[in-house]
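According to the UniProt record's numbering, the sequence shown is numbered sequentially starting from 1. Think of the CB as a built atom: it goes at the ideal place given N, C-alpha and C, for glycine as much as any other residue. Every value quoted in this text rests on a predicted model; they were computed, and no experiment measured them.
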Amino acid sequence: MRISDLLRNKGAAVATVSPETNVTELLERLAEHNVGALVVVDAEGGIVGIVSERDVVRRLNERGPQLLDGSVSAIMTKMVASCTPEDSVDQLSVLMTERRIRHVPVVVDGRLAGIVSIGDVVKTRMEQLEKSQEQLEAYISQG
Numbered sequence: 001m002r003i004s005d006l007l008r009n010k011g012a013a014v015a016t017v018s019p020e021t022n023v024t025e026l027l028e029r030l031a032e033h034n035v036g037a038l039v040v041v042d043a044e045g046g047i048v049g050i051v052s053e054r055d056v057v058r059r060l061n062e063r064g065p066q067l068l069d070g071s072v073s074a075i076m077t078k079m080v081a082s083c084t085p086e087d088s089v090d091q092l093s094v095l096m097t098e099r100r101i102r103h104v105p106v107v108v109d110g111r112l113a114g115i116v117s118i119g120d121v122v123k124t125r126m127e128q129l130e131k132s133q134e135q136l137e138a139y140i141s142q143g
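See the structure below:
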């Protein structure tokens, strides 16, 4: 299965935030969208980072509550792993496991086209396994 198939099923909407946004507003947006990470984009829509709940918690532990008044740019991950719609879910699964990341933006011609979470990957795998099981059961019952 390709990332494009996964996006077709889940949708390509992506919640984003600017680097200048303060961390308190970031937390509000994470809660509002019920997501674990937001892609950080510049004024032209280019990806400049990604920021997750994990980033906030780790930096809050290091820097204390004054972090909440700071900007997203101070805590975001700048080296963003990404994938394309042509990549396979298997390839993405390997990337997520090796890099220990849970959210990967999907990029087309340098532009943000979606985002895939580890939950999306697990859901897809479960659906594939269920389909395979149904096919095997049908084959056995016919035989």
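Asked	Found
Beta-carbon separation of Ala15 and Val41 under 7 Å?	no
Determine the closest residue to Val51 out of Gly64, Gln66, Glu20, Ala138, with distance taken between C-alpha atoms.	Glu20
How far does the beta strand (DSSP E) with Val48 in it extend, from its first residue to its last?	47–52
Quick check: the segment 88–104 against the segment 63–76, are at least 3 beta-carbon pairs closer than 8 Å?	no
Look up Pro105 in the DSSP assignment and say whether it is helix, strand or coil.	strand
Classify Asn34 as helix, strand or coil using the three-state DSSP reduction.	coil
With DSSP run on the structure shown, which of helix, strand or coil describes Arg100?	coil
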